[in-house]
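Residue numbers (full-length UniProt numbering): 1 to 324. Don't be surprised by glycine CBs; every beta carbon is placed ideally from N, CA and C. Note sheet for the following structure.
Written as structure tokens, this is what we have:
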């Protein structure tokens, strides 16, 4: 009976072996090629007799593509399609992050991998540095090329690897300010600091200064105007400098975050949690510090007292891993 069922299956497969159109053949070839590329399978599987037999049993009229066709025609077509799809998806997304990582390939040649995250990572380019050994200016140019493909104004972060020279391009890629707020503010502050010296010079009998300049230097309203301008420009300058820093957080911000995390942990973690961690046979509270371990033991003691149970000796033996 089983042999009859097998023969029926084979006969049904053979009977369904209709002729495949050229369009369908091309579609199946590209589908198979894409599966080979993505799974990292060797191209030689299309030449293996067992695979040929398998596909022949499924659809005798379908002939596997050659190894050369997969590695040339289909590889180029599928690669271009995937690049186009990824490019369109990234261009339609805001707030992208560019990650650069310097490495070396199997031939010990320097390469740089470019990955764009949105936040899902997309590998977009691998660059062979050849004779340009991670020079900051060279990397800066390549980073700009990658950004321009997808739109430079939608990138918010540039993340460099641990390779020396990767962080350097950030200094080259900094756009020039459209206004010189920092220079204006610095000049006005320098002028204000020189107020006494300038006024002394203005009243000196040998000084050759025009009457207009002398009048401004000795005029109280002039210096009030300078102070008002500094008050206006100083916050803008300070924020611009803050945005141009490599790190978003300063040391005070970092310490505030740590303190808030500790405070939040103290609010969330209570003696009952420490006691549960201590009584977990897998950990036995190994990571508890002295203060939290004491809180856990006090809580266990209070609960045992409320239940009229003395577990003091058992707890000592448990922590010493004795009598288990």
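Under 8 angstroms by Cβ, that's how I've got residue i and residue j pegged, so tell me the actual separation to the nearest angstrom.
i, j, result
"residue 33", "residue 74", "4 angstroms"
"residue 238", "residue 284", "With a Cβ gap of about 52 angstroms, residue 238 and residue 284 do not count as contacting."
"residue 86", "residue 37", "Residue 86 to residue 37, Cβ: 14 angstroms. No contact."
"residue 83", "residue 64", "Contact doesn't hold; Cβ gap of about 26 angstroms is too wide."
"residue 143", "residue 90", "Their Cβ separation, rounded to whole angstroms, is 15 angstroms, which puts residue 143 and residue 90 out of contact at 8 angstroms."
How is residue i classed by DSSP in three states: helix, strand or coil?
i, result
"residue 160", "strand"
"residue 320", "coil"
"residue 231", "helix"
"residue 31", "helix"
"residue 304", "helix"
"residue 240", "helix"
"residue 125", "strand"
"residue 101", "strand"
"residue 117", "strand"
"residue 312", "helix"
"residue 111", "strand"
"residue 26", "helix"
"residue 191", "helix"
"residue 294", "helix"
"residue 50", "helix"
"residue 18", "coil"
"residue 96", "strand"
Drop a sphere of 10 angstroms on the beta-carbon of residue i, count the other beta-carbons inside from all chains shown, and report buried for 16 or more, exposed for fewer.
i, result
"residue 14", "Per-residue confidence for residue 14 stands at a pLDDT of 49, beneath the threshold of 50, marking its modelled position as unreliable; the derived number appears in the next sentence. Residue 14 comes out exposed."
"residue 313", "exposed"
"residue 6", "Residue placement at residue 6 is flagged as unreliable, the pLDDT there being 48, under the threshold of 50; a coordinate-derived value is accordingly withheld."
"residue 233", "buried"
"residue 10", "Bear in mind that a pLDDT of 47 at residue 10, under 50, signals an unreliable position, so the number given afterwards is only what the model happens to contain. Result: exposed."
"residue 275", "buried"
"residue 316", "exposed"
"residue 102", "buried"
"residue 49", "exposed"
"residue 60", "exposed"
"residue 4", "For residue 4, the predicted model reports a pLDDT of 45, less than 50, meaning its position is unreliable and no value from the coordinates is stated."
"residue 268", "exposed"
"residue 35", "exposed"
Whole angstroms are fine: how far does the CA of residue j sit from the CA of residue i?
i, j, result
"residue 152", "residue 218", "50 angstroms"
"residue 303", "residue 117", "51 angstroms"
"residue 113", "residue 252", "34 angstroms"
"residue 107", "residue 266", "53 angstroms"
"residue 235", "residue 186", "12 angstroms"
"residue 281", "residue 293", "15 angstroms"
"residue 93", "residue 76", "26 angstroms"
"residue 189", "residue 222", "14 angstroms"
"residue 289", "residue 278", "11 angstroms"
"residue 110", "residue 127", "8 angstroms"
"residue 202", "residue 225", "19 angstroms"
"residue 155", "residue 95", "5 angstroms"
"residue 249", "residue 184", "26 angstroms"
"residue 56", "residue 42", "20 angstroms"
"residue 197", "residue 241", "30 angstroms"
"residue 305", "residue 263", "30 angstroms"
What are the complete beta strand (DSSP E) segments, minimum 3 residues, inside the stretch 253-282?
-> none
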